[in-house]
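Below: the structure, in structure tokens.
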Amino acid sequence: LGSALPIRPGALNWMTAGRGIAHSERSGADWRAHGGTLSGLQLWVALPQAFEETAPAFDHYDAGQLPVVRDKGVEARIIAGAALGAKSPVKTFGDTIFVDFTLAAGASAPLDAASEERALYVFSGAIEIGDEVFEAGRLVILKPGASIKVSATTPARFALVGGETADGPRYIWWNFVSARRERIEQAKADWAAGRFDPVPGETEFIPLPE
88 LGSALPIRPG ALNWMTAGRG IAHSERSGAD WRAHGGTLSG LQLWVALPQA
138 FEETAPAFDH YDAGQLPVVR DKGVEARIIA GAALGAKSPV KTFGDTIFVD
188 FTLAAGASAP LDAASEERAL YVFSGAIEIG DEVFEAGRLV ILKPGASIKV
238 SATTPARFAL VGGETADGPR YIWWNFVSAR RERIEQAKAD WAAGRFDPVP
288 GETEFIPLPE
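Taking the numbering used here, the leading residue of the sequence shown gets 88, the next gets one more, and so forth.
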């Protein structure tokens, strides 16, 4: 597609693979020269089967384009979907929720049951749900239909992710995902034969795993 954009704190790069896309992630020269620590989340969202062969796309959103809700020690950045009375501008192909929560010590965030499937990933600190404590690195799968309250006794950050139940199983092989096994075999053949459009300026080629 020819997109080349840096991603900065609070920003979002949203790529739709559709019928097939190649991409490259590189650190800038400044970063390579001086080093540093980079933190982020990369999530894969399954397209509904009706859109699996849609045209590939890439959209960038600066931090200021994503709504942020702040209330009583809770900060929620709405990356995809709608929550807490705010709606993200990010285009999705089905019900999708992705919210970046930051809680101050002693703060609580109510989470409704609007999406069929939901999970929390604890990025830093620890959160409490009822009598249970979940520390950084934990993925918490929530029961469908349950409204809950997430609390933090110390500063914490977590992501709420989820959406509608997938319309059938998905198969994953390397970087290829599809509802059809034969489509993955075709993608493997296309990659090996160089039929994916190359990333402009990229000289490295990663072969299929053996």
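Beta carbons are placed, not taken as given, at the ideal position from N, Cα and C, and that holds for glycine.
Excluding sequence positions up to five before and after P143, its CB lies within less than 7 Å of the CB of L88, T103, A104, G105, R106, G107, I108, all in the same chain and listed in chain order.
The Cβ neighbour count for I214, taken over all protein chains shown within 10 Å, is at least 16; the residue is labelled buried.
If you compare the alpha carbons of S195, A196, W101 with that of D149, the shortest gap goes to W101. Restricting attention to E204, R225, G151, L190, the CA atom closest to the CA of K159 is found in L190.
In the structure shown, H121 falls within a helical segment according to DSSP collapsed to helix, strand and coil. Per DSSP, A223 lies in no beta strand (DSSP E) segment and is marked neither H nor E.
Beyond the five residues adjoining it in sequence on each side, I166 comes within less than 7 Å, by CB distance, of L99, L153, S175, V177, F185, V186, D187 in the same chain, given in chain order. If the five residues before and after F138 are omitted, its C-beta is found closer than 7 Å to the C-beta atoms of F180, all from its own chain and listed in chain order. When the Cα atoms are used, A196 and V237 turn out to be separated by approximately 5 Å.
Residue pairing for A194: DSSP places it in no beta bridge. Annotated three-state conformation of W278 is helix, per DSSP.
Nearest C-alpha to T290 among E297, P296, G281: G281.
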